[in-house]
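Enquirer:
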Amino acid sequence: MRRLILDHALLPHGWAENVGLDIEGGAIAAIQPDATSEGRERVAGITLPGLPNLHSHTFQRGMAGLAETRGPEGDSFWTWRQVMYRFLGSLTPDDVEAIAAFAMMEMLEGGFTALAEFHYLHHDADGRAYADIAELSGRIAAAAQQTGMGLTLLPVFYAQGGFGGAAPTEGQRRFINDIDSYARLLEGARKAIASPDDAAVGIAPHSLRAVTPESLREIVTLAGEGPIHIHIAEQVKEVEDCLAWSRQRPVAWLLDHASVDQRWCLIHATHLDEQEAKGMAASNAVAGLCPITEANLGDGIFEGADYLAAKGRFGVGSDSNIEISAPAELKQFEYSQRLKHRARNVLAEREGQSTGRSLYDKALAGGAQALGRRIGAIEAGHRADFVVLDANHPDLAAVSGDRWIDSYVFVAGTSAIDTVFVAGKAVVRNGRHLNREAIRARYSRAMARILS
Ligand code: NGQ
Ligand code: ZN
Numbered sequence: 250m251r252r253l254i255l256d257h258a259l260l261p262h263g264w265a266e267n268v269g270l271d272i273e274g275g276a277i278a279a280i281q282p283d284a285t286s287e288g289r290e291r292v293a294g295i296t297l298p299g300l301p302n303l304h305s306h307t308f309q310r311g312m313a314g315l316a317e318t319r320g321p322e323g324d325s326f327w328t329w330r331q332v333m334y335r336f337l338g339s340l341t342p343d344d345v346e347a348i349a350a351f352a353m354m355e356m357l358e359g360g361f362t363a364l365a366e367f368h369y370l371h372h373d374a375d376g377r378a379y380a381d382i383a384e385l386s387g388r389i390a391a392a393a394q395q396t397g398m399g400l401t402l403l404p405v406f407y408a409q410g411g412f413g414g415a416a417p418t419e420g421q422r423r424f425i426n427d428i429d430s431y432a433r434l435l436e437g438a439r440k441a442i443a444s445p446d447d448a449a450v451g452i453a454p455h456s457l458r459a460v461t462p463e464s465l466r467e468i469v470t471l472a473g474e475g476p477i478h479i480h481i482a483e484q485v486k487e488v489e490d491c492l493a494w495s496r497q498r499p500v501a502w503l504l505d506h507a508s509v510d511q512r513w514c515l516i517h518a519t520h521l522d523e524q525e526a527k528g529m530a531a532s533n534a535v536a537g538l539c540p541i542t543e544a545n546l547g548d549g550i551f552e553g554a555d556y557l558a559a560k561g562r563f564g565v566g567s568d569s570n571i572e573i574s575a576p577a578e579l580k581q582f583e584y585s586q587r588l589k590h591r592a593r594n595v596l597a598e599r600e601g602q603s604t605g606r607s608l609y610d611k612a613l614a615g616g617a618q619a620l621g622r623r624i625g626a627i628e629a630g631h632r633a634d635f636v637v638l639d640a641n642h643p644d645l646a647a648v649s650g651d652r653w654i655d656s657y658v659f660v661a662g663t664s665a666i667d668t669v670f671v672a673g674k675a676v677v678r679n680g681r682h683l684n685r686e687a688i689r690a691r692y693s694r695a696m697a698r699i700l701s
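Heads up: the sequence shown runs through residues 250 to 701, numbered per my numbering.
1. For the candidate residues 314, 643, 279, 496, whose alpha-carbon lies nearest to that of residue 572?
2. Looking at the unbroken beta strand (DSSP E) that takes in residue 267, where does it start and where does it end?
3. Return yes when the C-beta of residue 644 is under 6 angstroms from any heavy atom of the ligand NGQ, and no when it is not.
4. When DSSP builds the beta bridges, which residues end up paired with residue 290?
5. Report the rounded CA-to-CA distance for residue 506 versus residue 558, giving the unit in angstroms.
6. Count the other C-beta atoms from every protein chain shown that fall within 10 angstroms of the C-beta of residue 331, then say buried if there are 16 or more, exposed otherwise.
7. Measure how close the beta-carbons of residue 414 and residue 461 come, nearest whole angstrom, since I'm counting them as under 8 angstroms.
8. Residues near the ligand ZN, CB to any non-hydrogen atom under 6 angstroms, in chain order?
9. Please classify residue 423: is it buried, with 16 or more other beta-carbons within 10 angstroms of its beta-carbon, or exposed?
10. Identify every run of the alpha helix (DSSP H) within the segment 511-565, keeping only runs that are complete inside it and at least 4 residues long; order them along the chain.
11. Among 277, 406, 288, 347, which has the Cα closest to the Cα of residue 697?
12. Based on the DSSP secondary-structure assignment, which residues constitute the bridge partners of residue 427?
13. Whole angstroms are fine: how far does the CA of residue 345 sit from the CA of residue 659?
14. According to the neighbour-count rule (16 or more other Cβ atoms, all chains shown, within 10 Å of its Cβ), is residue 377 buried or exposed?
15. Taking 6 angstroms as the cut-off, is the CB of residue 583 close to at least one heavy atom of the ligand NGQ?
16. What does DSSP give as the partner residue(s) for residue 305 in the beta ladder?
17. Return the chain-ordered list of same chain residues with a C-beta closer than 6 angstroms to the C-beta of residue 669, the five sequence neighbours on each side being excluded.
18. State the DSSP-derived secondary structure class of residue 412, mapped to helix, strand or coil.
19. On the three-state DSSP scale, how would you describe residue 373?
20. Give a yes or no on contact between the segment 648-665 and the segment 301-316, applying the rule of three or more CB pairs nearer than 8 angstroms.
21. So what does DSSP say about residue 642, is it helix, strand or coil?
22. Since residue 678 is in the beta strand (DSSP E), which residue starts that stretch and which ends it?
23. Residues in the same chain with beta-carbon distance under 8 angstroms from residue 206, minus the five sequence neighbours each way, listed in chain order, please.
24. Using only the alpha-carbon positions, how far apart do residue 292 and residue 270 sit?
25. To which residues does DSSP link residue 201 through a beta bridge?
26. Select from 416, 434, 352 the residue whose C-alpha is nearest the C-alpha of residue 386.
27. In chain order, what residues of the same chain have a beta carbon less than 6 angstroms from the beta carbon of residue 255, not counting five sequence neighbours either side?
28. So, helix, strand or coil for residue 456, using DSSP?
29. Among 250, 257, 252, which residue has its Cα nearest to the Cα of residue 653?
30. What separation, rounded to the nearest whole angstrom, lies between the Cα atoms of residue 503 and residue 691?
31. Pull up the distance between the alpha-carbon of residue 394 and that of residue 372, whole angstroms please.
32. For residue 687, which three-state DSSP category applies?
33. Relative to the ligand NGQ, is the shortest distance from any of its heavy atoms to the C-beta of residue 572 smaller than 6 angstroms?
34. Quick one: residues in its chain with C-beta nearer than 7 angstroms to the C-beta of residue 441, no 5 flanking neighbours on either side, listed in chain order?
Dropping the structure here:
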């Protein structure tokens, strides 16, 4: 049993001081308000529940910055995807693990304490399954163990190259499974998870482009208790192709053809009409927003104001990992709405409410739901996953309460992070991961080889 006392902490019902925590087996066993420091380790600073990162492809960290040069014509999401397919063509299992560990380390240093990895790179460079079909899922799980990251592993089902059952392309050969091989992959992924307390497994049909209505239905039955994530309505062309195929928009089609409920996380959902925004909010699914990646890829702007007015749930993800920062994702979400509506403090719900606090609270709840684990709150029974901000940081020192979160989200960003705990253990101190040198050196060696 580990006994802590937190100077300042954000509890479900608000701010508290001198919060005593008893931690057992990585979870909070008991909370005592106004505790005394006797027999307890002091955690100075401002302790927040760690934010879940609900969507990532860790391997894409290795290509961050490599698709920022203008091409011959019409640079777009689809030309970026070509660069990404070329990049992943040469990755070995060792590379996948080295890059994943580096990205997870940056996530922990960036204020994320748990990750849903939307993992679709399954096979070797020729598209052949490894001797162990879950080899690369195992590499993701290994990276999580090395870094201390809490993991929800989402092995992805990918079978088609476009709407209407189109055949997959060459560039997609490392992703492809049929339902039988996918079921084996899922079983392998479940075995690769070392401790069920610090990890979970869900499922992920890649997108409506990558499945048929029949395969989607079968895959969903394999989810068990786990979450179900899917990319949806990210690009205008995707909406148009879906309309041409089904005469329905993607989110409308999904709401009509699948029993979308609180197990589901709809990644991006950028292009929503009013009906879809309302329907999605009413389904209790989580919108998996990835504001920095969506800006980088030129996706468009999510209908944030309408969706939140309809009580829609959301969380944030770092997706392509072009920049890894929990506060910056929240800031970018709010800024996208300010630019769209030419207004300020759009996502706070009422007068007097802090925008930073409002975003943080909602992304905690939506993220925890999407990861399917007991995380996202400093509460008995939840994992002891915390981000501790430096109370002496110049942007935080003279304010208190919700202003701390506004300063973290809008001003200081990750420079305010001092210590990060996962399952009650510090993995980041003074803003640096405890195993930073080794993880970085391994990553640098892998990248030197990949880019040579
Ligand atoms: C992905 N990423 O699977 O990595 C996708 C691009 C696709 C984002 N959507 C590929 N940001 O959707 O076909
Ligand atoms: Zn994605």
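Glycine is no exception: its CB is placed at the ideal position from the N, C-alpha and C atoms.
Expert: The relevant details are as follows:
1. Measuring from the Cα of residue 572, the nearest candidate turns out to be 314.
2. If you look at residue 267, you'll find it in the beta strand (DSSP E) that goes 263-273.
3. No, Cβ of residue 644 sits at least 6 angstroms from all heavy atoms of the ligand NGQ.
4. Residue 290 is bridged by DSSP to 253.
5. The C-alpha of residue 506 lies about 25 angstroms from the C-alpha of residue 558.
6. Residue 331 is exposed by the Cβ-count criterion.
7. Contact between residue 414 and residue 461 is confirmed by a C-beta separation of about 5 angstroms, below the 8 angstroms threshold.
8. So the residues near the ligand ZN by this Cβ test are 304, 306, 367, 480, 516, 568.
9. Residue 423 is buried by the Cβ-count criterion.
10. Counting only runs of 4 or more, we get 523-532, 540-545, 553-558.
11. The candidate whose alpha carbon is nearest that of residue 697 is 347.
12. Answer by DSSP bridge pairing: none, since residue 427 is not bridged.
13. Using only the alpha carbons, I get a separation of about 33 angstroms.
14. Counting other Cβ atoms within 10 Å of its Cβ, residue 377 stays below 16 and is therefore classed as exposed.
15. Distances taken from the Cβ of residue 583 to the heavy atoms of the ligand NGQ include none shorter than 6 angstroms.
16. Looking at the DSSP assignment, residue 305 forms a beta bridge with 366, 568.
17. Within the same chain, 357, 636, 676, 677 come within 6 angstroms of residue 669 by CB-CB distance, once the 5 residues on both sides are set aside.
18. Assigned with DSSP and collapsed to three states, residue 412 falls in coil, not helix or strand.
19. Collapsing the DSSP output to three states places residue 373 in coil.
20. Under the 8 angstroms Cβ criterion, the segment 648-665 does not count as touching the segment 301-316, having fewer than three qualifying pairs.
21. Note: residue 642 maps to coil in three-state DSSP.
22. 674-678 is the span of the beta strand (DSSP E), which, as asked, contains residue 678.
23. Past the edges of the chain, shown from 250 to 701, lies residue 206, and the structure says nothing about it.
24. Rounded to whole angstroms, residue 292 to residue 270 spans 10 angstroms at the Cα level.
25. What the structure shows of the chain is the stretch from 250 to 701, and residue 201 is not part of that stretch, so it cannot be assessed.
26. Among 416, 434, 352, the Cα nearest to that of residue 386 is on 434.
27. Here the set comprises 268, 292, 296.
28. Of the three classes helix, strand and coil, the one that applies to residue 456 here is strand, per DSSP.
29. It is 257 whose Cα lies nearest to the Cα of residue 653.
30. Taking the straight line joining both Cα atoms gives about 42 angstroms.
31. Rounded to whole angstroms, residue 394 and residue 372 show a C-alpha spacing of 22 angstroms.
32. Residue 687: helix per DSSP, three-state reduction.
33. Outside the cutoff, so no.
34. Closer than 7 angstroms at the Cβ level, and outside the excluded window around residue 441, lie 383, 386, 387, 390.
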